[in-house]
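Residue numbers (the numbering used here): 128 to 245. Built from N, CA and C at the ideal position, the CB exists for glycine as well. Every value quoted in this text rests on a predicted model; they were computed, and no experiment measured them. Below is one structure, written out as structure tokens; the observations come after it.
What follows is the structure, encoded as structure tokens:
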């Protein structure tokens, strides 16, 4: 499935008839006053508040695909493949996502992010 700019779900992704795909676009956020410390390390909850601003014309676009054709977890940022063994946080996030979307019947996630201007 894909999500349109309006947030609507649309049919199977083009990759294969049984894969599902979603594309998300988020503005870049710049912290002006950064919080220090974490109240909960596992949930990544901050100890203190922060102040930040978002820039709508500079964004991150992420595409996530799950399904039978995805045989290994993979992450790509701006065209560079990330070594997941060196960054276990991705695998922890994928595990949570797959538990939420268990109805898709997939065990692996392919994620691609591109940062840039609209």
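Between the Cα of residue i and the Cα atoms of the options, which residue gives the shortest distance?
i, options, result
"residue 174", "161, 157, 156, 188", "161"
"residue 181", "147, 236, 211, 154", "154"
"residue 164", "156, 176, 200, 158", "176"
Where do the ends of the beta strand (DSSP E) carrying residue i lie?
i, result
"residue 150", "147-160"
"residue 242", "236-244"
"residue 204", "201-204"
Can you give me the start and stop residues for the alpha helix (DSSP H) that residue i sits inside?
i, result
"residue 222", "215-227"
Classify residue i as buried or exposed, calling it buried when 16 or more other Cβ atoms lie within 10 Å of its own Cβ.
i, result
"residue 233", "buried"
"residue 243", "exposed"
"residue 238", "buried"
"residue 236", "buried"
For residue i, which residues does DSSP report across the bridge?
i, result
"residue 191", "149, 238"
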